[in-house]
Amino acid sequence: MTHGDRQELAAFLRHRREQLQPADVGLVAGGRRRAAGLRRDEVALLAAISTDYYERIEQARGARPSPEVLGAVARALRLTVEERDHVYRLAGQEPPPRHRSQGWADAGLMCVLDALAPTVPALITDDLSVVVAQNPLNVALLGPLATGSGLRRAFVHRWFTDPDLRSRYAPEQHEQLGREYVADLRRVSGARAGEADVRALVDALSAASAEFRRIWALQEVALRRTTRKVLQHPQVGRLELQCDVVLSPPSGQSLVLFRPQPGTGTADRLELLRVVGTQDLAPAPR
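Numbering (this note's numbering), first residue to last: 243 to 528.
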């Protein structure tokens, strides 16, 4: 644990907030603004915390922010990994290992995520498939995956334990997709052998799912790649999508985007989903 400097933390966050414009973080500016930069309530919205809580952090008041809140604020302000680590130290916290997101998302990938928002569903995960950010169209497509707690934020965990999520995918693809997710997890477990977060995820899945145990025993190892996926959405029907994975080497995080397959009508149905499925998606304060 480091000693930290709450006043310096407040000054740094305030400065970074004032440098950002709504368009920089995927927001619409709206009417006349009294001051340059983002408002505190906009940062709070992006970080999925209450405005009052964020104000206390920026005013160096209240309890020390948790590592998860610091990560979420760093994501909201589009901080680099070096800037994120600086925030942790100013808050008196040890920065997490580079491969652990704790709510933070790669700033470069976030920029692409925002740019894709109007037409292409996309999300960002860390190497354990923990979802750290989704654009609104992806929330409409798959539901809110980045706002859960603990292991439920790992997509591979949700795949084997959440029937609602699984039901959105064509049944004939379940075996193939499950094997792809497990093969990628085994790749990561080999690269980070013995690390607590990897072991916890594998142990939890082994305890929760006989299907996972069967596939894990196959000893398959692979990197996630482009995959064609068919979803049956409850609002707009069949969606045929090309799922691309774009890796950011500096952070180890991945942008996963869902492109409509040409000639299938999926682009039109995604446009309908954008209209009917992205309303009232603001995250609840915590």
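Ideal Cβ positions, reconstructed from N, Cα and C, are used throughout, including at glycine.
Remember, it's a predicted structure, so these values are computed and weren't measured experimentally.
Exposed unless 16 or more other CB atoms sit within 10 angstroms - verdict on residue i
| i | result |
| --- | --- |
| D426 | buried |
| G420 | buried |
| G494 | buried |
| C375 | It is worth fixing the name first, because residue 375 is Ala in this sequence and not Cys. Buried is the call here. |
| T468 | exposed |
| G392 | exposed |
| S496 | buried |
| D439 | buried |
| A347 | buried |
| P338 | buried |
| R400 | buried |
| L447 | buried |
| P491 | exposed |
| A524 | Summary for A524: the model assigns pLDDT 44, below 50, so the residue's position carries little reliability; its value from the coordinates is reported in the next sentence. Under this definition A524 is an exposed residue. |
| E324 | exposed |
| R274 | exposed |
| P307 | buried |
| M243 | Confidence at M243 is low in this model, with a pLDDT of 46, below 50, so its placement is unreliable and no value can be given for it. |
| R326 | buried |
| P470 | Per the sequence shown, the amino acid found at residue 470 is Arg instead of Pro. By the neighbour-count rule (16 or more Cβ atoms within 10 Å), R470 is not buried but exposed. |
| L512 | buried |
| A290 | buried |
| A459 | exposed |
| A526 | Note that A526 has pLDDT 41, beneath the 50 cutoff, so the model's placement of it is unreliable and the number below is only indicative. A526 is exposed by the Cβ-count criterion. |
Beta-carbon spacing of residue i, residue j below 8 Å
| i | j | result |
| --- | --- | --- |
| V498 | T361 | no |
| L383 | P363 | yes |
| R395 | V381 | no |
| G279 | E260 | yes |
| R248 | L321 | no |
| L365 | L443 | no |
| A359 | G479 | no |
| Q201 | V518 | Residue 201 lies beyond the stretch modelled for the chain, which goes from 243 to 528, so this question has no answer here. |
| Q418 | V472 | no |
| A277 | A271 | no |
| Q263 | E310 | no |
| R501 | L514 | no |
| H475 | R408 | no |
| F402 | A435 | no |
| F397 | V424 | no |
| T293 | R282 | yes |
| L202 | L319 | Only positions 243 to 528 of the chain appear in the structure, and residue 202 is not among them; the question remains open. |
Beta bridge counterpart(s) of residue i as assigned by DSSP
| i | result |
| --- | --- |
| L474 | According to the sequence shown, residue 474 is Gln rather than Leu. Answer is R480. |
| Y411 | L473 |
| A396 | V372 |
| R501 | Q484 |
| T506 | DSSP, once it has assigned bridges, lists no residue as partnering T506. |
| A349 | The partner list for A349 (beta bridge, DSSP) is empty, contrary to what the question assumes. |
| A364 | L499 |
| L489 | S496 |
Residue i at chain D interface by Cβ criterion, 8 Å
| i | result |
| --- | --- |
| S371 | Looking at the structure shown, chain D is missing, and only one protein chain is on hand. |
Segment contact, 8 Å Cβ cut-off, at least three pairs: the stretch 459 to 468 with the stretch 425 to 443: Contact holds between the stretch 459 to 468 and the stretch 425 to 443, because three or more Cβ pairs, one in each stretch, are under 8 Å apart.
Entirely enclosed alpha helix (DSSP H) segments - the stretch 298 to 335, minimum 4 residues: You should have 309 to 318 and 323 to 332.
Contact the stretch 331 to 349 vs the stretch 299 to 319: 3+ CB pairs below 8 Å: Judged by Cβ distances under 8 Å, the stretch 331 to 349 makes contact with the stretch 299 to 319, as three or more pairs qualify.
Contact the stretch 309 to 326 vs the stretch 272 to 292: 3+ CB pairs below 8 Å: These segments touch.
Contiguous beta strand (DSSP E) assignments of at least 3 residues, all confined to the stretch 257 to 287: Entirely contained in the stretch 257 to 287, not one beta strand (DSSP E) run reaches 3 residues.
Cβ pair count under 8 Å reaching 3, the stretch 474 to 487 against the stretch 341 to 359: At 8 Å Cβ cutoff, the stretches do not touch.
Those runs of the alpha helix (DSSP H) which lie wholly inside the stretch 420 to 456 and span at least 4 residues: Listed in chain order, the alpha helix (DSSP H) runs fully inside the stretch 420 to 456 are 438 to 450, counting runs of at least 4 residues.
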